[in-house]
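Engineer:
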Ligand code: SF4
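Protein chains in written order, with the numbering used here: chain A, 64 to 150; chain B, 5 to 371.
In structure tokens form, the structure reads like this:
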């Protein structure tokens, strides 16, 4: 139930904080999401969404850092299909 | 999907497993608190590639599982009340109470709706002023702000026909309860990333220090979970007991101030019974006085029934990490997702459901 999913903000609407909403793209599925908790979110940001509300703006620099660390574990980049196996 | 698939990279996951193997020189037991993580662990087999010295046990972080049976009974009674529409997240419908479940009420003609967001319930109340619309508010700190924002909206719109049946629970008191259990063997925790996205992790710092246990804020994808475990094992090996954030792309130290503020306004902290575990002090939320008018338990006469669990169900032990679902004698035989004896077999975050879906029964004691 605590699952929250990252999606990309396509557009924002609403001036008042509690009524601010965004259209968010989750890998092809677009949903309307409340921005009541993340009023600073802007078009192009990734937000992490739970039960119809954005909970945070995803920090893309931190995300890149983890992936760089992973690559530096001494492994060549993931071979084709490496990620498919576990999907 | 961006920011999901990269963190499922099989090569990276295997490389991290080797790092954990290298780091662990002694036996350690680590608990993942969150049921969402339990599902990822069982689904991707993340416990199976671990060195035998590192044991991962599943925690109480399944809000559906720990909702006390008397609250299920009240939801059932509410749903059966003429003129009432009961809205709930889908997981709750099959959870057995003492007198059936919500699905049975719906089959008998009750108006039970599955919603994706508490805001859907507010919209329903607005569209149907002739009906009383109640939302069964289940969930941890991740979900509580969404419920709180919904009731604030209902008040601003003057919706006198909207109410909440509140079953929200809090994670840190549950961790305290696990640590206080006499049979406890957990030495470190993976804290639930999306709970911390709301609350931050300052609250865990005194807890980690007081009990001498490392707490690592951890995400939900295979790479995240392996990274959380590696950080936890490294701390244990070094004799450290700090709070570390391995989910910094989503979690900030102080969490989300807007979400915390609305929870603080709408709810107050109360003692709460956890199904299978018992009462944990200051572990639940109830509506604050200013929002009491939206409390379904005040608006409707919902008799309190105190009920016992089926004796066979060992959900309490499963939820506290002292038994694996496969060690339950009813697992997969008398208890299945179609005919559940206990809530952990129903919920998408329940450990019993995860094992039933992804793993064949194994001999007792295999971790
Ligand atoms: S398998 Fe069923 S009966 Fe056994 S602990 Fe899990 S929910 Fe309870």
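Where is the CB? At the ideal position from N, CA and C, for every residue including glycine.
Going along the chain, which residues of its own chain have a beta-carbon closer than 8 angstroms to the beta-carbon of residue 123(B), five neighbours each way excluded?
Structural biologist: Within the second chain, numbered from 1, the residue matching residue 123(B) stands at position 119. The answer, listed in chain order, is 150, 153, 154 and 157.
Engineer: Taking 8 angstroms as the limit between beta carbons, can you name the residues of its chain near residue 104(B), skipping five residues before and five after?
Structural biologist: As a first step, residue 104(B) is located in the second chain; it is residue number 100 there, counting from the start. Counting only Cβ-Cβ distances below 8 angstroms, and skipping sequence neighbours, we find 80.
Engineer: Where does residue 105(A) land, buried or exposed, given buried means 16+ other C-beta within 10 angstroms?
Structural biologist: As a working mapping, residue 105(A) is identified with position 42 in the first chain. Label assigned to residue 105(A): exposed.
Engineer: In the region 90-106 of chain A, which residues sit with their C-beta less than 8 angstroms from some C-beta in chain B, listed in chain order?
Structural biologist: 90, 97, 99, 100, 101 and 102
Engineer: Where does residue 70(A) sit, in a helix, a strand or coil, going by DSSP?
Structural biologist: Position 7 of the first chain, counted from the first residue, corresponds to residue 70(A). Reduced to three states, the DSSP call for residue 70(A) is strand.
Engineer: May I have a chain-ordered list of the alpha helix (DSSP H) segments no shorter than 4 residues that lie completely inside the region 277-347 of chain B?
Structural biologist: 300-303 and 319-323
Engineer: Would you say residue 318(B) touches the ligand SF4, meaning its beta carbon is less than 7 angstroms from a heavy atom?
Structural biologist: Your numbering for residue 318(B) matches position 314 in the second chain. At least one heavy atom of the ligand SF4 is nearer than 7 angstroms to the Cβ of residue 318(B), so yes.
Engineer: List the whole-angstrom C-beta distance separating residue 44(B) from residue 179(B), where the pair is believed to meet the contact cut-off of C-beta under 8 angstroms.
Structural biologist: To locate residue 44(B), count along the second chain from 1; it is residue 40. To locate residue 179(B), count along the second chain from 1; it is residue 175. So it is not a contact: roughly 19 angstroms between Cβ atoms.
Engineer: Would you report the Cα separation of residue 7(B) and residue 202(B), rounded to the nearest angstrom?
Structural biologist: Locating residue 7(B) in the second chain gives position 3, where the first residue counts as 1. Locating residue 202(B) in the second chain gives position 198, where the first residue counts as 1. Rounded to whole angstroms, residue 7(B) to residue 202(B) spans 19 angstroms at the Cα level.
Engineer: Which bits of chain B does residue 115(A) rub up against, with CB to CB less than 8 angstroms?
Structural biologist: Working through the first chain from its first residue, we reach residue 115(A) at position 52. In chain order: 120, 121, 122, 123, 124 and 150.
Engineer: Is the beta carbon of residue 85(B) sitting closer than 8 angstroms to the one on residue 304(B)?
Structural biologist: Residue numbering aside, residue 85(B) sits at position 81 when the second chain is read from its first letter. Residue numbering aside, residue 304(B) sits at position 300 when the second chain is read from its first letter. Yes; because the gap between Cβ atoms is below 8 angstroms, this pair is in contact.
Engineer: Where does the unbroken beta strand (DSSP E) through residue 66(B) begin, and where does it stop?
Structural biologist: For the purposes of this step, residue 66(B) is taken as residue 62 along the second chain, with counting starting at 1. Membership of residue 66(B) in any beta strand (DSSP E) is not indicated, and neither H nor E is assigned to it by DSSP.
Engineer: Where does residue 115(B) fall in DSSP's three states?
Structural biologist: Stepping through the second chain from its first residue, residue 115(B) is reached at position 111. Strand, per DSSP.
Engineer: At least one CB of chain B closer than 8 angstroms to the CB of residue 130(A): is that the case?
Structural biologist: As a first step, residue 130(A) must be located in the first chain, where it is residue number 67. So, interface residue.
Engineer: If residue 372(B) and residue 37(B) are in contact, beta carbons under 8 angstroms, what's the gap, nearest whole angstrom?
Structural biologist: There is no way to answer for residue 372(B), as the model of chain B reaches only from 5 to 371.
Engineer: Taking the Cβ atom as the reference point for each residue, do residue 28(B) and residue 53(B) lie within a distance shorter than 8 angstroms?
Structural biologist: Taking the first residue of the second chain as 1, we reach residue 28(B) at position 24. Taking the first residue of the second chain as 1, we reach residue 53(B) at position 49. The answer is no: Cβ separation not under 8 angstroms.
Engineer: Just to confirm my understanding: we take residue 143(A), look at its own chain, exclude 5 residues before and 5 after, and list those with CB closer than 7 angstroms. What are they?
Structural biologist: In the first chain, counting from the first residue as 1, residue 143(A) sits at position 80. With a pLDDT of 43 at residue 143(A), under the threshold of 50, the modelled position of this residue cannot be trusted; read the value that follows with caution. No residues qualify anywhere along the chain.
Engineer: Anything in chain A within Cβ reach of residue 7(B), meaning under 8 angstroms, just list it in chain order.
Structural biologist: Start at 1 with the first residue of the second chain, and residue 7(B) comes out as number 3. Under the 8 angstroms cutoff, chain A gives 69, 109, 121 and 126.
Engineer: If I measure Cβ to Cβ from residue 141(A) and keep anything under 6 angstroms in the same chain, skipping five residues before and after, which residues do I get?
Structural biologist: On the first chain, position 78 is the one that residue 141(A) refers to. Any reading at residue 141(A) must be qualified, since the residue scores a pLDDT of 47, below 50, and its modelled position is unreliable; the value itself is stated next. So no residue of the chain qualifies.
Engineer: Give the C-beta separation of residue 128(B) and residue 117(B) to the nearest angstrom, bearing in mind that I take them to be a contact with Cβ-Cβ under 8 angstroms.
Structural biologist: The count along the second chain starts at 1 and reaches residue 128(B) at position 124. The count along the second chain starts at 1 and reaches residue 117(B) at position 113. Right, their Cβ atoms sit about 7 angstroms apart.
Engineer: Do we get a CB-CB distance below 8 angstroms when we pair residue 343(B) with the residues of chain A?
Structural biologist: On the second chain, residue 343(B) is found 339 positions in, with the first residue counted as 1. Answer no: the Cβ-Cβ gap between residue 343(B) and chain A never drops below 8 angstroms.
Engineer: Does residue 370(B) get closer than 8 angstroms to chain A when you measure Cβ to Cβ?
Structural biologist: Taking the second chain and counting its residues from 1, one reaches residue 370(B) at position 366. Note that residue 370(B) scores 46 on pLDDT, short of 50, meaning its location in the model is unreliable; the coordinates nonetheless yield the value given after this. Not closer than 8 angstroms to any Cβ of chain A, the Cβ of residue 370(B) fails to qualify, so no.
Engineer: Are residue 65(B) and residue 144(B) touching if we call contact CB-CB under 8 angstroms?
Structural biologist: Working through the second chain from its first residue, we reach residue 65(B) at position 61. Working through the second chain from its first residue, we reach residue 144(B) at position 140. It is a contact, given that the beta carbons lie within the stated cut-off.
Engineer: Report the neighbours of residue 263(B) on chain A: residues whose CB is nearer than 7 angstroms to its CB, in chain order.
Structural biologist: Looking up residue 263(B) in the second chain gives position 259. Within 7 angstroms Cβ-Cβ: 100 and 118.
Engineer: Is the CB-CB distance between residue 325(B) and residue 182(B) below 8 angstroms?
Structural biologist: By one-based count along the second chain, residue 325(B) stands at place 321. By one-based count along the second chain, residue 182(B) stands at place 178. Yes, Cβ-Cβ distance for residue 325(B) and residue 182(B) is below 8 angstroms.
Engineer: Helix, strand or coil for residue 84(B) per DSSP?
Structural biologist: On the second chain, residue 84(B) is found 80 positions in, with the first residue counted as 1. Coil, per DSSP.
Engineer: Expressed to the nearest angstrom, what Euclidean distance is found between the alpha-carbon atoms of residue 168(B) and residue 51(B)?
Structural biologist: Reading the second chain from its first residue, position 164 is the one you call residue 168(B). Reading the second chain from its first residue, position 47 is the one you call residue 51(B). About 38 angstroms.
Engineer: Give the range of the beta strand (DSSP E) segment to which residue 94(A) is assigned.
Structural biologist: Reading the first chain from its first residue, position 31 is the one you call residue 94(A). Run containing residue 94(A): 92-97, per the beta strand (DSSP E) assignment.
Engineer: Using only the heavy atoms of the ligand SF4, determine whether one of them is closer than 7 angstroms to the beta carbon of residue 183(B).
Structural biologist: The residue you call residue 183(B) lines up with position 179 of the second chain. Outside the cutoff, so no.
Engineer: Applying a beta-carbon distance threshold of less than 8 angstroms, which residues of chain A neighbour residue 198(B)?
Structural biologist: As a working note, residue 198(B) is residue 194 in the second chain. 65, 66, 67, 111, 113 and 118, listed in chain order.
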